[in-house]
Amino acid sequence: MDKFVIEGGTPLKGTLNISGSKNAALPVIAGALLADSTVTIHNIPRLQDIYTFNNVLRVVGAKVDFNESANSIEIDPTHVSYLEAPYDLVRKMRASFYMLGALVGKHGYAKVSLPGGCAWGPRPVDLHLKGMEAMGIDISLDKGYVIAKAGKSVKGGSYTLNPSSVGATVNLLLAAVLRAEDFTINNAAKEPDVVQLCNFLVEMGADITGLGTDTLRIRKVGSLKGVRIHNDPDRIELGTYMIAGAMHPDSELKLTGCNPNQLGNFPELLRQTGTQVDINGTEIHIKAPQVIKPVSIETAIYPGFPTDLQAQWATMLTQAEGESKVTDTVYFDRFSYVPELTRLGANMHVDQNTVNISGKTPLVGASVMSTDLRASVSLVLAAMVAENSSEVLRVYHLDRGYESLENKLNPLGAKITRVEDK
Ligand code: EPU
Numbered sequence: 001m002d003k004f005v006i007e008g009g010t011p012l013k014g015t016l017n018i019s020g021s022k023n024a025a026l027p028v029i030a031g032a033l034l035a036d037s038t039v040t041i042h043n044i045p046r047l048q049d050i051y052t053f054n055n056v057l058r059v060v061g062a063k064v065d066f067n068e069s070a071n072s073i074e075i076d077p078t079h080v081s082y083l084e085a086p087y088d089l090v091r092k093m094r095a096s097f098y099m100l101g102a103l104v105g106k107h108g109y110a111k112v113s114l115p116g117g118c119a120w121g122p123r124p125v126d127l128h129l130k131g132m133e134a135m136g137i138d139i140s141l142d143k144g145y146v147i148a149k150a151g152k153s154v155k156g157g158s159y160t161l162n163p164s165s166v167g168a169t170v171n172l173l174l175a176a177v178l179r180a181e182d183f184t185i186n187n188a189a190k191e192p193d194v195v196q197l198c199n200f201l202v203e204m205g206a207d208i209t210g211l212g213t214d215t216l217r218i219r220k221v222g223s224l225k226g227v228r229i230h231n232d233p234d235r236i237e238l239g240t241y242m243i244a245g246a247m248h249p250d251s252e253l254k255l256t257g258c259n260p261n262q263l264g265n266f267p268e269l270l271r272q273t274g275t276q277v278d279i280n281g282t283e284i285h286i287k288a289p290q291v292i293k294p295v296s297i298e299t300a301i302y303p304g305f306p307t308d309l310q311a312q313w314a315t316m317l318t319q320a321e322g323e324s325k326v327t328d329t330v331y332f333d334r335f336s337y338v339p340e341l342t343r344l345g346a347n348m349h350v351d352q353n354t355v356n357i358s359g360k361t362p363l364v365g366a367s368v369m370s371t372d373l374r375a376s377v378s379l380v381l382a383a384m385v386a387e388n389s390s391e392v393l394r395v396y397h398l399d400r401g402y403e404s405l406e407n408k409l410n411p412l413g414a415k416i417t418r419v420e421d422k
């Protein structure tokens, strides 16, 4: 397992380009299985989760060509014949569960392993399954696998997601577009990742109305054609680097290739910390404040504050002057980074789904361990402003979701060395 050795205390200055979005790409890659011909997706990041998902598609018989130097992927789904996603692949990445909707939607049958828990709790898939049942798909469980069966068409009806769920919305869309006579998803997720999937499916020929709203109505079509699309930039990578640019008083970053419209009220909240945030088309300019003001936040579904930026924000607040709170209303237990930041010198404690932070405390380098993707990048943010040297262990979590992090940040002044586990 690789680790990072990080010399802290240096500001970040210069220009950094935002990569394609992981969480927006995965539903579209699954959606390619519904097509009758080849799908091409541009702006795909070179990330471990993308490699893993490509392999899931290859297992079922799709031809997947990832042109890494061009960041584009071609998927030919016309030879899919094995309608299963086994446990050893699904456990590596929960989004593999999208295979359930894609396979039953296209082929009328799917056998997909239940994903199991994750680093911060059970993360159930009950809404995916109940929604498919409501649609008329037959769902059964067998030794840790979900088996989904559907006739040539299913009646549809409606299903209300409670709570709203990105993954369930994606799976229900994938299952419905070629199968359901008339199906409505209420309280559907409105995250840009879902909107991109809807636009992609419509471009292929699907009949979906209500795009970008929380009510999606789907009426089946006979077939979907292969198309070419450009994947959105990664709004979570962008938010992470906006925070990185705010944490050292001498930092100044220009972030390019952004979609600022997908940030909700995040830029405004960052301005409230004293950070200068200037948005100009697809570029965002960040200038760090001399003193960070404490700004409490609560996560919420889109366009609220994303849970995927909660840990990074709390990390920044350890360097703010005063008391603040970060509350996660989407995942109640996503705080595994807190004990690690405490080891670096942060003053923070968790009370139910809130972390209380007192700043500013100087951070001093130590050895810390990451437990999941966003926790791991938070430790890197902290280590970059800590005195002396830190070791961030298990950066494979980070490699799942941040393309070439050290190669992007080192030219800007960071001192991050990857030590490979031989
Ligand atoms: N939920 C249920 N039952 C379900 C599904 C979800 O109770 O069947 C609950 C969850 O426990 C949670 C809430 O609904 O409390 C929302 O979860 P959601 O289903 O929206 O999450 P997800 O689809 O599993 C995606 C992202 C996550 C991101 C969440 C929330 C991907 C591959 N994953 O997960 O991203 O945190 O939406 O925005 O798109 C990450 O990138 O680090 C990451 C974890």
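Residue numbers (my numbering): 1 to 422. Glycine is no exception: its CB is placed at the ideal position from the N, C-alpha and C atoms.
Please report the straight-line C-alpha distance between Ser223 and Ala35, rounded to a whole angstrom. Position 223 of the sequence shown, counting from 1, holds the residue named residue 223. Position 35 of the sequence shown, counting from 1, holds the residue named residue 35. Cα to Cα, Ser223 sits roughly 7 Å from Ala35.
Do Lys190 and Tyr302 have their C-beta atoms closer together than 7 Å? Counting from one through the sequence shown, the residue named residue 190 turns up at place 190. Counting from one through the sequence shown, the residue named residue 302 turns up at place 302. Yes; because the gap between Cβ atoms is below 7 Å, this pair is in contact.
Assigned exposure category for Gln352 - 16 Cβ within 10 Å defines buried: Here residue 352 is taken as the residue at index 352 of the sequence shown, counted from 1. Classification for Gln352: exposed.
Given the structure, does Thr307 come close to the ligand EPU, in the sense that its CB is under 6 Å from one of the ligand's heavy atoms? Here residue 307 refers to the residue found at position 307 when the sequence shown is read from its first residue. Answer for Thr307: yes, Cβ within range of the ligand EPU.
Under 6 Å from any heavy atom of the ligand EPU, does the C-beta of Asp232 make it? Walking along the sequence shown from the start, residue 232 turns up at place 232. No; taking the cut-off as 6 Å, the Cβ of Asp232 has no heavy atom of the ligand EPU nearer than that.
Supposed contact pair Phe335 and Val355 - C-beta distance, whole angstroms, cut 8 Å: One-based indexing of the sequence shown puts residue 355 at position 355. One-based indexing of the sequence shown puts residue 335 at position 335. With 8 Å as the limit, Val355 and Phe335 qualify as a contact, their Cβ atoms being about 6 Å apart.
List the residues that DSSP assigns as beta-bridge partners of Arg271. For the purposes of this step, residue 271 is taken as residue 271 along the sequence shown, with counting starting at 1. Residue pairing by DSSP places Arg271 opposite no residue, since no beta bridge is assigned to it.
Taking all protein chains shown into account, decide if Gln290 is buried (16 or more other Cβ within 10 angstroms of its Cβ) or exposed. Start at 1 with the first residue of the sequence shown, and residue 290 comes out as number 290. Exposed is the call here.
Mind checking whether the beta-carbon of Leu127 lies closer than 6 Å to any heavy atom of the ligand EPU? Indexing the sequence shown from 1 puts residue 127 at position 127. Checking every heavy atom of the ligand EPU against the Cβ of Leu127, one is found closer than 6 Å.
Please confirm whether any heavy atom of the ligand EPU lies closer than 6 Å to the CB of Asn171. Residue mapping note: residue 171 aligns to position 171 of the sequence shown, counting from 1. Checking the Cβ of Asn171 against the ligand EPU gives no.
Is Phe97 helix, strand or coil by DSSP? Here residue 97 corresponds to residue number 97 of the sequence shown, with the count starting at 1. In the structure shown, Phe97 adopts helical secondary structure according to DSSP, grouped into three states.
So, for Lys106: in the same chain, excluding its five sequence neighbours on each side, which residues have a beta-carbon less than 7 Å away from its beta-carbon? Translated into positions along the sequence shown, residue 106 becomes position 106. Excluding five sequence positions before and after Lys106, the CB atoms of its chain that fall closer than 7 Å to its own CB belong to Leu33, Leu34, Leu178, given in chain order.
Nearest CA to the CA of Ser69: which residue from Glu403, Pro163, Thr417, Glu420? As a working mapping, residue 69 is identified with position 69 in the sequence shown. Taking Ser69 as reference, the option from Glu403, Pro163, Thr417, Glu420 with the minimal CA-CA separation is Glu403.
So is the beta-carbon of Arg374 under 6 Å away from any non-hydrogen atom of the ligand EPU? Counted from its first residue, the sequence shown places residue 374 at position 374. Yes; taking the cut-off as 6 Å, the Cβ of Arg374 has a heavy atom of the ligand EPU nearer than that.
From this set, Glu237, Asn259, Thr275, which residue's C-alpha is nearest Ser251's C-alpha? Locating residue 251 in the sequence shown gives position 251, where the first residue counts as 1. The shortest CA-to-CA distance from Ser251 to any of Glu237, Asn259, Thr275 is the one to Thr275.
As assigned by DSSP and simplified to three states, the class of Arg217: As a first step, residue 217 is located in the sequence shown; it is residue number 217 there, counting from the start. The answer is strand: DSSP assigns Arg217 an E or B state.
Could you check the C-alpha separation between Gly144 and Phe53 for me, to the nearest Å? For the purposes of this step, residue 144 is taken as the residue at position 144 of the sequence shown. For the purposes of this step, residue 53 is taken as the residue at position 53 of the sequence shown. A direct Cα-Cα distance of roughly 20 Å separates Gly144 from Phe53.
Mind checking who Asp138 pairs with in its DSSP beta bridge? To locate residue 138, count along the sequence shown from 1; it is residue 138. Looking at the DSSP assignment, Asp138 forms a beta bridge with Lys149.
Is it buried or exposed, Thr169, if we count other Cβ atoms within 10 angstroms and call 16 or more buried? By one-based count along the sequence shown, residue 169 stands at place 169. By the Cβ-count criterion, Thr169 is buried, with 16 or more other Cβ atoms from all chains shown falling within 10 Å of its own Cβ.
Within the chosen definition, does the region 199-208 reach the region 226-235 through at least 3 CB pairs nearer than 8 Å? Yes: at least three Cβ pairs fall under 8 Å.
At 4 residues or longer, what runs of the alpha helix (DSSP H) sit wholly inside the region 30-85? Runs of the alpha helix (DSSP H) inside the region 30-85: 48-60.
Is His128 helix, strand or coil by DSSP? Stepping through the sequence shown from its first residue, residue 128 is reached at position 128. Three-state DSSP puts His128 in a helix.
Report back the beta-carbon spacing between Thr299 and Pro306 to the nearest angstrom; my notes put them in contact at under 8 Å. By 1-based counting over the sequence shown, the position of residue 299 is 299. By 1-based counting over the sequence shown, the position of residue 306 is 306. In this structure Thr299 is in contact with Pro306, their Cβ atoms being roughly 7 Å apart against a cut-off of 8 Å.
Thinking C-beta only, is Val104 closer than 7 Å to Ala148? Here residue 148 refers to the residue found at position 148 of the sequence shown. Here residue 104 refers to the residue found at position 104 of the sequence shown. Remark: C-beta atoms of Ala148 and Val104 approach each other more closely than 7 Å.
When you compare the CB positions of Pro86 and Ser113, do they come within less than 7 Å of one another, or not? Counting from 1 along the sequence shown, the entry for residue 86 is found at position 86. Counting from 1 along the sequence shown, the entry for residue 113 is found at position 113. Yes, the pair counts as a contact, with Cβ atoms nearer than the cut-off.
Could you check if Pro124 belongs to the surroundings of the ligand EPU, using beta carbon to heavy atom distance under 6 Å? As a working note, residue 124 is residue 124 in the sequence shown. Yes.
Quick check on the burial criterion: 16 or more other C-beta atoms within 10 angstroms. Buried or exposed for Leu141? Indexing the sequence shown from 1 puts residue 141 at position 141. It counts as exposed.
Can you tell me which of Glu203, Ser390, Thr184 puts its alpha carbon nearest to the alpha carbon of Arg219? Taking the sequence shown and counting its residues from 1, the one referred to as residue 219 is at position 219. Per the Cα distances, Thr184.
Can Leu89 and Tyr241 be called in contact, C-beta distance under 7 Å? In the sequence shown, counting from the first residue as 1, residue 89 sits at position 89. In the sequence shown, counting from the first residue as 1, residue 241 sits at position 241. No; because the gap between Cβ atoms is not below 7 Å, this pair is not in contact.
Run through DSSP, which three-state label would Ala206 get? Mapped onto the sequence shown, residue 206 falls at position 206. DSSP places Ala206 in coil when its eight states are reduced to three.
Is Gly167 close to the ligand EPU? I mean its beta-carbon at under 6 Å from any heavy atom of the ligand. Here residue 167 refers to the residue found at position 167 when the sequence shown is read from its first residue. Yes, Cβ of Gly167 sits closer than 6 Å to a heavy atom of the ligand EPU.
I need the DSSP call for Thr10, collapsed to helix, strand or coil. Locating residue 10 in the sequence shown gives position 10, where the first residue counts as 1. For Thr10, the three-state secondary structure derived from DSSP is coil.
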